[in-house]
Every structure is written in structure tokens, then in C-alpha cells.
Amino acid sequence: MPTSFRGLLNIVLVTLLALALCGCSESAQDQPDADTNDADSTDVGSSDTDGTDAGSSDADGSDDPEYEGPTYHADIAPLVEENCATCHAEDSIAPFDLSTYEDLVPLAHLSIQEMEAKTMPPWMPDPDCREYEAERYLSDEEIALFRDWVDSDMPEGDRADARPSESDEQTHSFDATHSGGIDGYVPSDELVDDYRCFILDDIEFDETSYMTASRVVPGADNLVHHVLVYVVDETDMQRLRDADAAEDGPGYTCFGSPFPSNDGEGSDQIVPPTQIGAWVPGMLPSFARDDTATRIEAGSSVVMQVHYNTLSASPENDQTSFEMQVTDVEPSHLTMTRPLAILDLDIPAGDSEVTFTREFTNYGSQPMTVEAVTGHMHGLGEQIRLRHIQADGEDSCVLDIPQWDFDWQQGYRLRDGDLVELATGDSLELTCVYDNSPDNQPVIDGERLTPRDVTWGDATTDEMCLLYINQVIPAEEHRLPPAEMCGHTNECLVDCDDPHSMECLFGCSDSTLDCLICEIDEVVECASDDCGLQLLGASDCLTHCIGNAVMMEGSVDACMRGECADEYDTLAECVDPVLAAGCDGALEDTCGLVF
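Residue numbers for the sequence shown follow our numbering, so the first one is -3 and each next one is one higher.
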């Protein structure tokens, strides 16, 4: 039994690590994939849209001095600019331009149909949950105003009546300081899911830098399932360059992280790299708040992982690129992204409503500030929710997408003055709902698939329950990676009353992930013969608390004391004497701990 427990624990650790490595989004504003829009199949330039010479001075009422209804410049242009033109603009990702009066008029009837059907603009969150920055959401009153304008033959009105837009000044584009991309790659026609990593050597960091904005520009977006962009420390780059040189064509094979999958070492790299960009269907560029940025160490390299899926399209040349804005000025606050995930998904074939819920608790000594959230599921997803549950039982909605749409995955940035503050003991409750019924299966090559049991996985036909939170921390609290793997833990041990105890070993909230995994692995191996039953008794709680430490603030010790105190006390009573009697050597030699 001890051996089986250790094997199970290692599987969980590797899975959690892969999750930490393969986040799906850091953006707080996301952009739609034009290939998935319903309007793509519409002949927007045909006479079917209206049949009238809309907008002419003879028909639009603008020359009527008694006309008091809505006009384009006074009423409609601000609505379109705020809710439509971020995507429907020249050289943007939507299939047609709506940024001028002349552009909008031929498409006005189609537009009001989409608005009244609530399919456009694509805004997924329940408006009763929370308000967000840069919302693309039209109220019933605004839709009625647009309808009134269309029914009045779309008068242009006087340009002098134009009023400024209330939309965010940050739009779908920016002036990049650093950029790089793929010099042409054709996905394998032998793989349904082709995971390929590309080293973007055009992007260099000669000094410590701070990223304030980023965006991915997909090339063959009918093949690109998602894109993840990482900044990798120079000490890890040689392995990646060796993998790149060993394979024909651009890039190298990878899965779940930017580290190579076929070099004999696997992709379970201990230290997760920092994710600095992403793209999934629905994403706009990511902009940091004022005086906030992501820190990038000097000498780092940028690696872009692209997941190609060939289920519905034949391989073609891809030239996906990545752009970023970078400064050398340190801001007052830094951002970091944390994944919340329910890994043990089991979605039975044919079941139309399968729900998973889990709480993630802040066991740290300081509050956490959440400024943005991004959910991710695949095609069977029906609903995703996130709630803030305070220690006293009060709760509030952070995100609720009641009708999940894989083609419109977006991140949502909370409004200034309305960020989520998680005090010590507060939790975030994640809920994912799935429909695995026959009518909700993907259609491949014109045929709807037969339902099958579905679990967690990276493939398009697998599922995920994943939500990313963007955390803001004061720059002065940022800690650089230690020179040695367990450097931060050794600092904690100095202040411990009994370093040879689980309380001290698992109690440091500053422990790096690689050190935490090393500690747990060595403790389990050392104590398994004497404390196998106790380890099994606490295994579920230990596994949960390892995940909580990876995904949230705080230590494994604090989590286990808060959620399974009796099992933890029983485990510590057995393990602590074993640690004191002879585990020092393994912990010192393997993990670099100093007692």
C-alpha cells in the first residue's frame, strides 16, 4: 500500500505541474475568432440585407427639421464603437468593418437581428453577476434604440452631434516593442492534435524588463486550437535548443509545457516557466493596469507553444506571431497568474448534466487581490461559475457564464474599485457543468460523434475545468527565484522550533514548487514503511492541499490543519519521529535542505 500511495501521489504531482505549466490565458480582455462567427457565412454585401437605399438623405429623415429620433452620429456610433468596432474594424479579426456610417448601413438589418437574438455582441457573462471592464453588452434599451434607428431608415444626422465613446482607450491593437513569429510551419497530417513549440529568437531581453501588453496573432486560425506563450530562463534554454535542432522543420514536439516531449526526459519540468501570453477563440490583447506589469528576467527567451487540431481542416502553412510592449521601468505592482482546476473529471457518456464543484482557499498570511478571471472548458461545457466565499460565510459572484460557448472564450477584467480581495481563510468556489448527451457531441467530417466517457485532457475531445485568476502583488513583495532549489525553505527552517517536523517542512508558504515536490517525495519514501497506513489515511487531504498550495497562497501545513486536522495530527505523530531519526540525509542530498 505505501508503494501504491507514492505512485498515486507522483501522478497527481506531475498532473498539477503540467497544469501549472500549461495555462490557457493571462488576458483580461479577449478577442473573437472570426472563423467561428455566425456572420461568416452571410453574404454581407448582398441586397438580401435590406433592399433599400438606406441612409440616403431622401429616406433617412435627417433633412426633416421635426425629426427627433436617433441618428448615427449622436446615438448609434458610440454604441457600435464600444461594443462592435473592437473586432469589426479594418484589418481586425471579424469578417467586415463597422467603424463608419457607410460601413454600417448595408449591414444594419443583419446587425439588429443579431442584437435582438443576443448573439452579438458576443458577451457571455450573466449581467446579474458582476460588471467588468470593456463590456461588450447591449441593454434592452440600447437594442431598442438601434431598432428605432433602423426602422427610421438609418438617418446619419449631423457630425457636430457626435459624442465621444465611453469605451476603454485601449483597443484591439497597440504599438509593439518586441515581436516574433513562426517562419512557416505545416502541421502533421498524421496527428489529430499536433503540439509544437517555437523559440522566438527575434525577441531578446538584455536587461530585466516589464511587460505591459501582449497579443497573439494566429495565422492558420482554422487549425490553431490554442496558443500559449512562455518566458523561459536561460538556464533551461539549451535543452529546448537541442530539441529544436534534433527535429526537421521549425520548432519541436512538446505537450503540456514548452519543454520537449520526445527527448527522453518528458515534459514534467520541475520549475514552471512564466506564461506571458495566450490565444484561444475569443481573445483580445492583454493590457496591464496603470503602473502594473509582468516581470521578465534578463537573458530570458520566449517560447510559443501552438496546439494544432486537424479534425475539421487540412494542414496548411501557419505563421502565428506574438507581439508585446515592454519597458525597463519597474512598476509599483506586478501581476501573476494562478490556475484553479478540478482535475478528477469523470463525465459519463450520455449524461446531459454533470456538475463538479471545488473550493480553493487562501491559507496565506496576506490577502490576495484578484483583478481578472478567465475560464476554460471544451465542447461539452455548459456552464462555468466562480464565487468568492468569505470566511464568515458571505458569498458573491465573480463570474457566471450560464451558456458556455467554446468559440467565444474570453477573459474578464474586474472594474477598478471592485477587485476581489481574498482575506486569509476566504475561498474561491469553482463550478463546471457539462452536457455529454448524444445531441451535444462534436461533428467531425460531417458526422456527429457517439458519446463516450470523458475525463481531463488536452485534446479537443477531452475536457477541462480550468479557471485562471490574475493576482496583483506589490513589486516590493516579489521574491526572485532562490539560487538553490530550496533556498526559501531553508530561510524558513532557520526560524523553526523543530526543523525535523512536518510542520516546519510543509509550513513554508514561500517554498518553490520544485522544492515542495522534492520534500514531499522524500518524506513519503522515507516514512512509507513505518507510516504507510497514516499516509494512506491522509492521502486525499494531502493531495488536495498540494494542489491548493500550487494554485493559491499558503502552505500545505496550514491547509491540512484547516481541512483535515485529525488525520494530519495522526500522520505527524508517526512521521515526525521518523524524520528526526534518519531522513535528514535524503532531504539534504536530494533537495538541498539545511538543518
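Every residue, glycine too, gets a C-beta built ideally from N, C-alpha and C.
Taking all protein chains shown into account, decide if Gln642 is buried (16 or more other Cβ within 10 angstroms of its Cβ) or exposed. No statement about residue 642 is possible, as the shown extent of the chain runs from -3 to 591 and does not include it.
According to DSSP, simplified to helix, strand and coil, what is Pro123? Indexing the sequence shown from 1 puts residue 123 at position 127. Correct three-state label for Pro123: coil.
Judging by CA-CA distance, which residue of Asp342, Leu415, Glu459 and Asp454 is the nearest neighbour of Gly375? Here residue 375 refers to the residue found at position 379 when the sequence shown is read from its first residue. Out of Asp342, Leu415, Glu459 and Asp454, Glu459 has the C-alpha closest to the C-alpha of Gly375.
Could you check if Leu445 is buried or exposed, using at least 16 other CB atoms within 10 Å of its CB as the buried criterion? Within the sequence shown, the letter at position 449 stands for residue 445. Under this definition Leu445 is an exposed residue.
Apply the 10 Å Cβ neighbour rule to Leu575 and answer buried if 16 or more other Cβ atoms are within range, or exposed otherwise. Taking the first residue of the sequence shown as position 1, residue 575 is located at position 579. Buried: at least 16 other Cβ atoms inside 10 Å.
Does the Cβ-Cβ distance between Ala289 and Leu330 come in under 9 Å? Taking the sequence shown and counting its residues from 1, the one referred to as residue 289 is at position 293. Taking the sequence shown and counting its residues from 1, the one referred to as residue 330 is at position 334. Closer than 9 Å, so yes.
Counted within 10 angstroms of its Cβ, other Cβ atoms place Gln399 as buried (16 or more) or exposed: Against the sequence shown, residue 399 aligns to sequence position 403. Gln399 comes out exposed.
Cα-Cα separation, Met150 to Asp240: Along the sequence shown, one-based indexing puts residue 150 at 154. Along the sequence shown, one-based indexing puts residue 240 at 244. About 57 Å.
On the DSSP bridge assignment, give the partners of Ile380 in chain order. Sequence index remark: in the sequence shown, residue 380 carries index 384 (1-based). Paired residues: Ile397 and Cys428.
State whether the region 196 to 216 contacts the region 231 to 248, with contact taken as three or more CB pairs (one from each stretch) at a distance under 8 Å. no
Member of Ile108, Thr353 and Ile292 whose CA lies at the smallest distance from the CA of Leu424: To locate residue 424, count along the sequence shown from 1; it is residue 428. The option with the nearest alpha carbon to Leu424 is Thr353.
Using the Cβ count rule (16 or more neighbours within 10 Å means buried), how would you classify Asn358? Position 362 of the sequence shown, counted from the first residue, corresponds to residue 358. So Asn358 counts as buried.
May I ask you to verify whether the region 332 to 341 touches the region 465 to 481, counting CB pairs closer than 8 Å and requiring at least 3? yes
Determine the extent of the alpha helix (DSSP H) in which Glu138 is found, giving its start and end residues. Taking the sequence shown and counting its residues from 1, one reaches residue 138 at position 142. It spans Asp136 to Asp147 - the alpha helix (DSSP H) in which Glu138 sits, taken as one unbroken run.
Taking Cys83 as the reference, which of Leu280, Leu134 and Leu463 has the closest Cα? As a first step, residue 83 is located in the sequence shown; it is residue number 87 there, counting from the start. Selected option, being the one with the closest Cα: Leu280.
Could I get the ranges of all uninterrupted alpha helix (DSSP H) runs contained in the region 457 to 545, with 4 residues as the minimum, in chain order? 483 to 490, 498 to 501 and 509 to 533
Rounded to a whole number of angstroms, what is the C-alpha to C-alpha distance between Gly528 and Ser497? Counting from one through the sequence shown, the residue named residue 528 turns up at place 532. Counting from one through the sequence shown, the residue named residue 497 turns up at place 501. Distance between the alpha carbons of Gly528 and Ser497: 17 Å.
In three-state DSSP terms, what is Glu319? Residue mapping note: residue 319 aligns to position 323 of the sequence shown, counting from 1. Three-state result, Glu319: strand.
Answer with buried or exposed for Arg159, where buried requires no fewer than 16 other C-beta atoms within 10 angstroms of its C-beta. Counting from one through the sequence shown, the residue named residue 159 turns up at place 163. Exposed.
Per DSSP, the bridge partner or partners of His69: Within the sequence shown, residue 69 is the residue found at index 73, counting from 1. BP columns for His69 are empty, so no partner.
Cys514: which of Thr586, Asp494 and Asn486 sits nearest, CA to CA? Looking up residue 514 in the sequence shown gives position 518. Ranking Thr586, Asp494 and Asn486 by Cα distance to Cys514 puts Thr586 first.
Length at least 3, wholly inside the region 273 to 351: the beta strand (DSSP E) runs in chain order: 288 to 292, 297 to 305, 317 to 323 and 329 to 337
Express the C-alpha separation of Asp565 and His221 in angstroms, rounding to a whole number. Locating residue 221 in the sequence shown gives position 225, where the first residue counts as 1. Locating residue 565 in the sequence shown gives position 569, where the first residue counts as 1. So the alpha carbons of these two residues sit roughly 46 Å apart.
Going by the beta-carbon positions, is the gap between Pro434 and Gly346 smaller than 9 Å? Locating residue 434 in the sequence shown gives position 438, counting from the first residue. Locating residue 346 in the sequence shown gives position 350, counting from the first residue. Taking 9 Å as the Cβ cut-off, Pro434 and Gly346 qualify as a contacting pair.
Nearest by alpha-carbon distance to Ile292: which of Ala209, Pro256, Ser308 and Glu312 is it? Here the question's residue 292 lines up with position 296 in the sequence shown. Looking at the Cα atoms, Ala209 is the closest of the given residues.
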